[in-house]
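Student:
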Amino acid sequence: MAGCHVRTLTDAPVHFAKVRDMADQLPHALRSDALDNRDRILDAARRLFSTEGLKVPMREIARGAGVGPATLYRRFPTKQALVAAVFADQVRECRAIVEEGCSDPDPWHGFCLLIEKTCEMHARDRGFTEAFLTAYPGATEIAEERAFAMKAVGELAQRAMESGRLRPDFVLDDILLMLMGNCGIRVASPAAQVAAARRFAAYVIQAFEARPQQAPLSAPVRLTSPAAMG
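Every letter in the sequence shown is one number past the one before it in my numbering, and letter 155, counting from 1, is 155.
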């Protein structure tokens, strides 16, 4: 009949080729979506851990990432797994700081460098400080890093003490005390937070020194308004 198209076998390869193309593209699209979801989850968790600490609920993290709870748990079955992924960069940075301080030929200079950089790093992320101080259950990478750092700092402190620069009554728990104090700094912006941590570190170094040289402090940081002080 005129105008009537009769489907032939030659149509099938074209149709099947299109289906194959779509099937080949689908896994890539799914992988791309999964990676986007993972990045959004990590960004949201990093932001919330930094401002609110590790007690923030998983549902709030999912909401902040714009994904459903099921998607969050599919990527990170436990909160411990999420914590480990979020702080992977900080764990590496922490180790680098410790290794740099310990490799300094002048143990007191290396000890001071470690104090300064540690305070600054922890000032940028409240969540990592909390995980480091409490040895967050199940986050084995952070627990291992804490054990490595404390052992290495203890050895560095012993050398600094033998050089006569570190006060003889220093104990390793003073480092944890320092981190607790540094964690209590609360200011309006990340830049001010780091600046305040640097000034705090300068005070700490003078307190740790056997014969304080009264080195100049970094610039002061406005923490409260004059009205609040009054």
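We put the beta carbon where it would ideally sit given N, CA and C, even for glycine.
(1) Can you name, in chain order, every residue of its own chain whose Cβ lies under 7 angstroms from the Cβ of Gly-66, other than the five neighbours on each side?
(2) So, Thr-129 versus Cys-183, is the Cβ gap smaller than 8 angstroms?
(3) Could you give the first and the last residue of the continuous alpha helix (DSSP H) run that contains Ala-84?
(4) Would you mind reading off the limits of the alpha helix (DSSP H) that contains Ile-185?
(5) Pairing CB atoms from the region 87-97 with CB atoms from the region 168-187, are three or more of them under 8 angstroms?
(6) Please determine, among Arg-47, Asp-43, Asp-36 and Phe-111, the residue with the shortest C-alpha to C-alpha distance to Gln-206.
(7) Which of helix, strand or coil does DSSP assign to Leu-166?
(8) For Phe-208, which residues in the same chain have their Cβ closer than 7 angstroms to its Cβ, ignoring the five residues on either side in sequence?
(9) If you draw a straight line from the C-alpha of Ala-157 to the C-alpha of Ile-115, how long is it?
(10) Residues in the same chain with beta-carbon distance under 7 angstroms from Ile-185, minus the five sequence neighbours each way, listed in chain order, please.
(11) Under the rule that 16 or more other beta-carbon atoms within 10 Å means buried, what is Glu-144, buried or exposed?
(12) When you compare each of Glu-162, Ala-160, Pro-77 and Leu-113 to Ala-202 by their alpha carbons, which one comes out closest?
Tutor: In brief:
(1) Here residue 66 corresponds to residue number 66 of the sequence shown, with the count starting at 1. Within the same chain, Gly-66 has close Cβ partners Arg-40.
(2) Walking along the sequence shown from the start, residue 129 turns up at place 129. Walking along the sequence shown from the start, residue 183 turns up at place 183. The answer is yes: Cβ separation under 8 angstroms.
(3) Sequence index remark: in the sequence shown, residue 84 carries index 84 (1-based). First-last of the alpha helix (DSSP H) with Ala-84: 79-86.
(4) For this step, residue 185 is matched to residue 185 along the sequence shown. Unbroken run through Ile-185: none, as it is neither H nor E.
(5) no
(6) Indexing the sequence shown from 1 puts residue 206 at position 206. Comparing Cα-Cα distances from Gln-206 to each of Arg-47, Asp-43, Asp-36 and Phe-111, the minimum goes to Phe-111.
(7) For this step, residue 166 is matched to residue 166 along the sequence shown. Leu-166: strand per DSSP, three-state reduction.
(8) For this step, residue 208 is matched to residue 208 along the sequence shown. Contacts found: Leu-166, Arg-167 and Phe-170.
(9) Working through the sequence shown from its first residue, we reach residue 157 at position 157. Working through the sequence shown from its first residue, we reach residue 115 at position 115. So the two alpha carbons sit approximately 11 angstroms from each other.
(10) Residue mapping note: residue 185 aligns to position 185 of the sequence shown, counting from 1. Same-chain partners within the cutoff: Ala-123, Gln-193, Ala-196, Ala-197 and Phe-200.
(11) Counting from 1 along the sequence shown, the entry for residue 144 is found at position 144. Exposed, by the Cβ-count rule.
(12) Within the sequence shown, numbered from 1, the residue matching residue 202 stands at position 202. With distances taken between Cα atoms, Ala-202 lies closest to Leu-113.
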